[in-house]
Structure formats: C-alpha cells, structure tokens
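Below is one structure, written out as structure tokens, with a few remarks after it.
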Ligand SMILES: [Zn+2]
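Protein chains in written order, with the numbering used here: chain A, 310 to 400; chain B, 259 to 1259.
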C-alpha cells in the first residue's frame, strides 16, 4: 500500500488514489487527419515496463486532481511526483 | 491415571488459579498462564492430531506460532468455533474446549491412518497424477478426500463477536519483544520517537526471559534477570505503546503493516461478551525495526515425526517457562550446543536425560562440559537412523556417522525414551522482511538466509538479522540503532556481556539411515507430509525451480507455510542438484505470517455495514407504501409497489398502464447530476457529447450521448442550459461518478485551457418524474401561476418555479414517451414534493411506479439503457442512433473511432426490436439468437438485451443486439431455449407511438 505525496494535499494512503495508466500520451489535436494505424497507436498502445515507468494518477477520493508519477514497477519505489503540464524529471 | 509432569513452580504460571478444560471430550486441568499445549503436556498428552496425507499420529512439536502439528478446532460445535488454531498459541481458560482435526472418527483410531501403510502409493504429485483422469470421477475422489482429510470445520452460525480496525501512525514500530526488540523500543522512545512495540505472545521477553545457560552474563547478571529489569523500566517510558498478543500478519510497501491484536481469546465465555475480540491494526510507521527472532530447525531423519519428538528449544521453554517436563525419559539429538541447555534444564529439575546424540565430532564449550560432568551420556558423530512407537515415541536407534555424513557405520544402538528434543540450528524469521519487498542473501557459514540490507526505513536486529549470541546481538543492535535513529548514545553503550562460546558446527540437511532412502520417512513438511524422498523424486522428474518443487511436493504449503522445514527442503534440493543454496533462492513468503480470521479482516464492515448504500430523500415514503427495492449501484431504488398481494408482474402491468392512461410518478433522484459552469461550458459539451451544443438556447434541454475514445457508448442523459455559462447535466444512476471522473480527466489533462468547473450535485437535489396524459393537470394544481402551455413550456425546455416557498427546477422531458415533467427540489424537500404530487394527483389516480415499470415504459419506446442494451462494444451507429452523431463537428470524444475499419463493418451487432410470433411468450434477457435450427455448431447472431410483456400493446416486446440486424427488418429468427425454440421476428425497436404524438398529449 503506497504512501503517495499528492502535490496538492501531501502524503495520503494509496486507497484514496486511482491509477490512470501511462503518462505523456497527448490526445491528437486533429484526430481526423490520422490514419487508422496512427489513431490505433494513440488509442490502444501502452507500455508495460518492468522498471521506471511514467504514470498518471488521480487523487480520486481527495482533491480530485490528476498528476504524474515516476514509479519503478519492479519495486514500487516512487521516484518523482509532478503536476500535470510540468516537465518530467530527467532520469 | 494421567501423569502429572509439572516440575517446577514458574512465575508465569499461576498455580493458585486452576483451570479445567476439555480436549477431545476429556476433562483436564491446567493453570492460568498455560497454553493448551503446555497444559496437555503437563498431563502427558502428546498425541494431538493426524497428518494430512498419511494420517500419521502427530504430537506437539513447538511452543509457538510455527507449530505444524498441534492444529486444533477450538470450541467445536459452537458459534465461536475456529479451525486450524495452533494449540501452542491458545491460552487456556475455564470452559475451553478443543478437539483434534484431521482424524475421523477419532485421533486414537483414524481410518485415514491406512494411508500410512499405503504410503508407497502416495508419492509426490500423487494427487495430481491420480485424480487427473477420468475427469468425471473427480467428484467421487473429492468426496472421499474431503471427508477423510479435511482441515477443520468452519462455524455454521453467525459469529457473535465484534471485530475492529484501528489506524496507527508512529515514528518507530518494533516487531517482536525479545531482548533486541525491548532494547530497540526503549531507546527509540527515550529519544522522543513515538514508538509501538508489538509481540505475538502474552509476555514480553522472548526466549531470553527463560534463558538458563549459567555461563552467559549481562553486566554480571543472568540475562533473564537483567532483561526483567529492562522490561520493568519500559512501564515508565513515555511515547511507548506496548501491545502483546499482537501478531504482525503483513508487511507491505512504504512501511504499511497489518497486525492482529487479540483481546478476548484468552478469556472465559462470560468475559468475552460485548467486547472487541480482535482488532486489525493498520500501522504506518516511519521506521520499522524487525526483531522477530529465529525459529529452531528440526533435523531430518527417518521417522522424525512421532508424538514425543519436539524441538529442543520447545522442551526448554516448557521446562523453564511453563514448569512442565515433556517426558520422563528424555533424549536430545543435535548439531549445536543449544540442546545441552535444554538437557541441563531438565536435569536440574531432576528429570531423567538418557543421552545426547550429537552429529558433531566434539564441542568444548562450558555448557557441554557441564553436561558431561552431570554424567549424561553424549554420543558424538552419531545420528538417529530410526525411531519407534506409534502413538508415542518409545525408542530411538542410533548409529555412527561416516566422515562425510552421507552414510552410517558400526552397530545399531537402541535407546528407550518417551521424548526426543531435536536441535538443528536456527532459522532467522525473515518472513516480514521479505514481504516488504527486500531480498535475502545466503550466509554459507551460518547456513541461513539473512536480510541483504538495512535501509533508513527498516532494520532487522537480533537473531532475525543473523546475530544469535547475546554479545553479537547487543553490539550490532547498538550500532544499528545509532545509525537508523540518528542518535549518538544509547543505553547499550558500555554493557558488559560474557558468553559461552560455541566452537563447533556441523550441518547435514538430510541425515542418513541404515535403510535406503526409499524405505524411510524423513519428514520435511510435517503438516503436508512431504518427505525428503518426495523432494528428490520431484528433482528426478525434472522439476528445478524451487517454486515448482514446492507446489509439486506441497512442501511449505500448509497453514504453517513450512516455517520449520523449508530450509531443509532448500538444502536437500541444493545438495541433490549440486547447486549453491544462495543461487537457489527461497520460495516467496506471503502474508499473512500467521492465519487471520475473516472477522478481523472485515472488522465492522459486516451486515448492513458490509457495503455502503444510498437512499433517496423520498425513501421513507416508499417504505411506508410497501415498495420492493432493488440495488442500483449503491442506491436502494423503489422497484415496484405491490398492492393487495400483487406479484411483481401484476404490479408492473398495473403501474405501466396507469402511467400511460392517466398519471404515474417515479423517484428519479438517483440520476447523476453534474453542475457545469464557466465561459467555455458550451465548447466543453461540444467536445464530450456526440451532438452539437453551442446553439442550445438558455432554458432548453437536450439529450446527449457520450462515447469513450474508442467510439463506444459510455453514458447518456439530458443536459439543460440554465444560463449563458451554466448547464446541469444528468447521467445514468450507475455512471455518475465515472462520468464526473472522466470529464475531470479531460479538463485537467487534455484541455486545461478551457474555463469550466464541474461539481457533483447528485445528492443535493431530489427529483420526481411526473408523467402521463394528466401530468400537466396535476402540475397545474401544485403551481397554479406557471404557464404550462406548449408555447410557453414546450417539450425539452426548462422553467424555474416555486411550489409554495420551495424553489424548484422543472424540466419538461420524457423517458416514457408520455407528456412529463421532472421536478427537482433541494433534497430536504424531496419527500414533501412527492407527497404534494401524490395529493394533487389523487383525483387522477396517480400511480407511483418503480424502476421495473420505468424500464418497461422506455422499452416500449425503444429508448436504450446504457449498460443494459449496451455493453461497451456498441457505437451510436450500432444502436441505430446515427441522428445524434454530428457530422459537422470537427471533433468530439470518440469521433475518430467511428471511422475505424472495424467500427464501420456492416456485420456488427446492431440494436433491433424483436417480436415473438406468439405474443404471450416473453423472451429471457440474455437469451441467444440464431437464424438456423438443426445446425451444429450454430452461429450465435446476438442476444436479447431487454424483454417485457407490454400491457399497453398487449404483447411481448424485446430489444436485442443482432449481427447485421439493421438490414434484417421483418426477418424470422429463433431463440433456442433449453426445451423449446421460440420463433421471433425482427422489428422496429420503437414499439409504441412511433410518431411521438403523446409527448404533447
Ligand atoms: Zn490531493
């Protein structure tokens, strides 16, 4: 059970949060211009890394804010947390 | 006449408090402070159970939670009964009853015991190999296996006890109150750290508290005396909370631990009432100090499982702590010095110690010399090759070990005895450490797996960290405390420790016998009857991974998780396969460390607190008017209102007719409501709904369909424009929270530039949906001054009004196809509004209707219910709702996906109406649809999603999704059921009032 440092509320128990999948996948600005393959790439393709992964999390039972997390999936170490729109920390 | 083996008065046993209890129906006596195990041993009872596979008689082996054999059913036949309880952990109380498990009809005569003689036919993987085929026989096998084996019985009536949960946040959690844990907790608390010390036992002090080696000294005192003084001092330390009878079950990431605090299990029935039985502690600690100690290992030799064969350390604890001798003729079998302490403990109390069998060549420590001086015979370089005695050990046979330890030589000596203490060294209890996600390393010299690291958040101290002698323990503990707690000095600086040095070691994982291995039974896992033979067989059959060998042989898979024998299993595998133990690794230690009751896990969340539920403001009225309820998500919704003993069908038919013929009313308060404000609110709706919103005038309502990005229908509902920059959106009852979450996600992460604010107001409004041709007249009676003309208040529009002093929002929208109004008031006025409508509608026979009638009425109109007629694979095109998908809008959520090659396929499942050829047959929802009969296999074209008997149409109607259904209008299809085929015809899904004339009726 992680202890997650919400950038807006501080440390809270994991059960207040919802994981939202891979981070930094921007919704295409002009979807109609995309081929089926390009759209499918956005829609379906997600990484599932053993190691350092960039993820979206939501403080669903708290401030309801979304934020980003860098987590090592092999040992669940949370390496960084940063707000939406902020640049990911360089590794 | 049973013997009394109480040999010494102990300060932990209250001999003035005599307690009677029953075991297997027979009454025994013990004293306050006894465990069930110590009290039985004092009565010379060793035989307490039968093993799982061979049903061999088994006795008490240990004195703690690692016990594999003495597994009992406590208070059988009562509502407080509990299976799989370790007799070594049950504190006795007046009236306690316990019985053996795993035996039928009784522990003394057990039918399954015949398996023991059949054991050549029960090798590793026997169950997998034998019961695989034929599959149809499995039920028979299962019946036999369950009846003759079984692992206790669960209670059959409600648990009368209360359970509780508590959150604890602390600076330092110390697990284990042996010498290391006590010193760690004391120093942490003294440095102003909020400290919690827990121990599974009822007394603090661990094994040091009954330490009897007179050659060990701390500050010139016996370690037990020294430690008692330390324990005494704990009472006066601030910041320190101590919890005994508290076992840490799980250690999760980020120092989150679960512990079970046992509060009443040691009390008499009359003292248990109205008290919390067990409490689950949810502990979040800044730092965790593991001081969980070490478990003594047995030795693996032929027939090492007979009642009377115990761990040497357990014999010492029973003797020193409980004042009980486990036998009158004792023998010890050892590979280290600790058995000599146990032997001396008995000897000093005048109990007969026949011999010590030591696999080492010699040992020169002081305690060994003392044993020799006492005249106890020591057989060096010897091993036990066999034991005898069916229900109780009566002798052991020993032979001389060869130099390499793989065989025996010379002649066999038989020693008669009734108790054998086995000492195979120590295994650090690293279970919690590994649960926390950290790795182990193997120490070749000590032959133990040890924590690979101590971090700033977690350290392992004492014997669980690999320090077994008091001098090492105190020295290393001192340094670790300073490093972890960031302190310069501790109480431990300058403590003087003298110890009796052990100078000789020998480790043999599997001891040889004069018989070939195939003819012996050297048990590795006592509870699951896995022997060294089974492990070697698994290796011969090609299993290599330790995890596979474990599952194939079931080693370590019992309720004790193989706490005693796992190391030997690993050692035997390593030796046989020629692999280093460090390379082999261990199996995964999984929580819980010791079993938890379900009661503790669920705590107070039982009965009506099992899941939260939500009630509408009108709920009391529904209850008073005898509504039946259904669960919709967490909501309790009125389902139908039976009168005069109506069945559900009768009630729904009546309600449906009334709603169309005169007036009906539905409690629609559960619909999700989201308040949307901001200068970009219209643009936002344009992006989330499939249809256009910019041109919706203030005061107008519009139905919207929301897709997922994959083009599939996600939710629907009516949204009303309350002002220039203000909308109220309704969602499905079940989808409300998810829709809000999804909209927030887009706003925050994709379109942060939009000026839009979302607020859930579902609970703030109560909604009465008034429908039917007389609904207008009823509303007029309640709000006489509101102009209800079609010109002023047309379909799909909104008005604010007042009913008396109650402010309300009225939408003229319809989910039934009838002229209807949804009246929203502040939630606290909900019941008042409802009653006003009922009163005003009385002259029109206004009929309250529930969700079932609502479903029927909308199905007559072909209106979908998201989640019933859709399942996450339906696009709006599949639903034949092309009209709601804007062709003009550049983009909306899911738009691009509607042009994917797959979503454009013509043969997708599409929503259609179905009419049965026999109008009285109502299809089953979920029934499959085919176009051919008498064909096998036959393609399933789709399934029925909604089906009702329509009282208004006087026939059965259904909605269904059918492959290529759009082009099948009028086609005959079949719904095959178990014993008949139903003929159906594809129809327009709008069955009633296709031209929507009734909306303005
Ligand atoms: Zn937050």
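Idealized CB from N, CA, C, for every residue including glycine.
Closest Cα partner of residue i within the set the options
{"i": "residue 732 (chain B)", "options": "B:1087, B:1183 and B:720", "result": "B:720"}
{"i": "residue 955 (chain B)", "options": "B:892, B:879 and B:1057", "result": "B:1057"}
{"i": "residue 1130 (chain B)", "options": "B:1146, B:1219 and B:1112", "result": "B:1219"}
{"i": "residue 951 (chain B)", "options": "B:1198, B:1179, B:1089 and B:986", "result": "B:986"}
{"i": "residue 354 (chain B)", "options": "B:307, B:293 and B:821", "result": "B:293"}
{"i": "residue 1204 (chain B)", "options": "B:1089, B:1117 and B:872", "result": "B:1117"}
{"i": "residue 746 (chain B)", "options": "B:1180, B:551 and B:449", "result": "B:449"}
{"i": "residue 463 (chain B)", "options": "B:514, B:550 and B:524", "result": "B:550"}
{"i": "residue 320 (chain A)", "options": "A:354, A:383 and A:311", "result": "A:311"}
{"i": "residue 707 (chain B)", "options": "B:692, B:941, B:714 and B:1217", "result": "B:692"}
{"i": "residue 727 (chain B)", "options": "B:704, B:816, B:519 and B:483", "result": "B:704"}
{"i": "residue 785 (chain B)", "options": "B:1207, B:313, B:688 and B:723", "result": "B:313"}
{"i": "residue 485 (chain B)", "options": "B:759, B:852, B:1226 and B:753", "result": "B:753"}
{"i": "residue 1139 (chain B)", "options": "B:1224, B:1094, B:1113 and B:1074", "result": "B:1224"}
{"i": "residue 894 (chain B)", "options": "B:878, B:902 and B:821", "result": "B:878"}
{"i": "residue 459 (chain B)", "options": "B:932, B:477, B:429 and B:521", "result": "B:521"}
{"i": "residue 1006 (chain B)", "options": "B:942, B:849, B:565 and B:976", "result": "B:942"}
{"i": "residue 1153 (chain B)", "options": "A:376, A:369 and A:337", "result": "A:337"}
{"i": "residue 662 (chain B)", "options": "B:993, B:1187, B:1158 and B:640", "result": "B:640"}
{"i": "residue 939 (chain B)", "options": "B:964, B:492, B:1016 and B:867", "result": "B:1016"}
{"i": "residue 318 (chain A)", "options": "A:397, A:383, A:386 and A:373", "result": "A:373"}
Per DSSP, the bridge partner or partners of residue i
{"i": "residue 1231 (chain B)", "result": "B:1242"}
{"i": "residue 765 (chain B)", "result": "Paired residue(s): none; residue 765 (chain B) is not in a bridge."}
{"i": "residue 475 (chain B)", "result": "B:756"}
{"i": "residue 432 (chain A)", "result": "Nothing can be reported for residue 432 (chain A), as the shown portion of chain A is limited to 310 through 400."}
{"i": "residue 220 (chain B)", "result": "What is shown of chain B runs 259 to 1259, which leaves residue 220 (chain B) out entirely."}
{"i": "residue 643 (chain B)", "result": "Its beta-bridge partners do not exist; DSSP assigns none."}
{"i": "residue 976 (chain B)", "result": "B:961"}
{"i": "residue 356 (chain B)", "result": "B:281 and B:332"}
{"i": "residue 311 (chain A)", "result": "Answer is none; residue 311 (chain A) lacks a bridge partner."}
{"i": "residue 1200 (chain B)", "result": "B:1187 and B:1220"}
Closer than 5 Å: residues whose CB approaches a heavy atom of ligand 1: One residue after another in chain order, those with a Cβ under 5 Å from a heavy atom of ligand 1 are A:315, A:317, A:318, A:368, A:371 and A:372.
Length-filtered (3 minimum) beta strand (DSSP E) runs lying within the segment 696-726 of chain B: Runs found: 698-701, 706-709 and 716-718.
Members of the segment 513-527 of chain B that neighbour chain A once the beta carbon cut-off is set at 7 Å: 514
Members of the segment 996-1012 of chain B that neighbour chain A once the beta carbon cut-off is set at 7 Å: 999, 1002, 1003, 1006, 1007, 1008 and 1010
Positions along the segment 425-448 of chain B whose CB lies within less than 8 Å of some CB in chain A: none
Whole alpha helix (DSSP H) elements within the segment 268-325 of chain B, 4-residue minimum: 294-300
Within 7 Å of chain A by C-beta, residues of the segment 693-724 of chain B in sequence order: 695
Segments assigned beta strand (DSSP E), at least 3 residues, entirely inside the segment 600-636 of chain B: Entirely contained in the segment 600-636 of chain B, the beta strand (DSSP E) runs reaching 3 residues are, in chain order, 610-616.
Near-chain A residues of the segment 721-752 of chain B - C-beta to any C-beta below 9 Å: Identification of residues in the segment 721-752 of chain B having a C-beta nearer than 9 Å to some C-beta of chain A yields an empty set.
Residues in the segment 331-350 of chain A having any Cβ partner in chain B nearer than 7 Å: 336, 340, 341, 343, 345 and 348
Beta strand (DSSP E) runs wholly inside the segment 1004-1057 of chain B, at least 3 long, in chain order: 1015-1018 and 1023-1029
Contact set between the segment 377-389 of chain A and chain B, restricted to residues whose Cβ is under 7 Å from the partner: Within the segment 377-389 of chain A, the qualifying residues are 384 and 385.
Sequence ranges, beta strand (DSSP E) only - wholly within the segment 426-478 of chain B, length at least 3: 453-456
Contiguous alpha helix (DSSP H) assignments of at least 4 residues, all confined to the segment 523-548 of chain B: 527-530
Residues of the segment 485-510 of chain B whose Cβ lies closer than 9 Å to any Cβ of chain A, in chain order: 510
Length at least 4, wholly inside the segment 782-821 of chain B: the alpha helix (DSSP H) runs in chain order: 790-798 and 804-811
Continuous beta strand (DSSP E) assignments of at least 3 residues falling wholly in the segment 550-600 of chain B: 552-554, 567-569 and 587-592
Any beta strand (DSSP E) of 3 or more consecutive residues that is wholly inside the segment 1163-1194 of chain B: Runs of the beta strand (DSSP E) inside the segment 1163-1194 of chain B: 1167-1174.
Near-chain A residues of the segment 963-981 of chain B (beta-carbon distance less than 8 Å), N- to C-terminal order: Residues 967 and 968.
Ranges of the beta strand (DSSP E) found wholly within the segment 891-969 of chain B, counting only runs of at least 3: Whole beta strand (DSSP E) segments, 3+ residues: 893-898, 922-925, 930-935 and 959-965.
Interface positions of the segment 567-578 of chain B facing chain A (Cβ-Cβ less than 9 Å), listed along the chain: none
Members of the segment 1126-1154 of chain B near chain E, C-beta cut-off 8 Å: The structure shown has no chain E; the protein chains it does contain are A and B.
Interface residues of the segment 1158-1170 of chain B facing chain A [CB-CB below 8 Å]: 1158 and 1159
Within 9 Å of chain B by C-beta, residues of the segment 350-367 of chain A in sequence order: 351, 352, 353, 365 and 367
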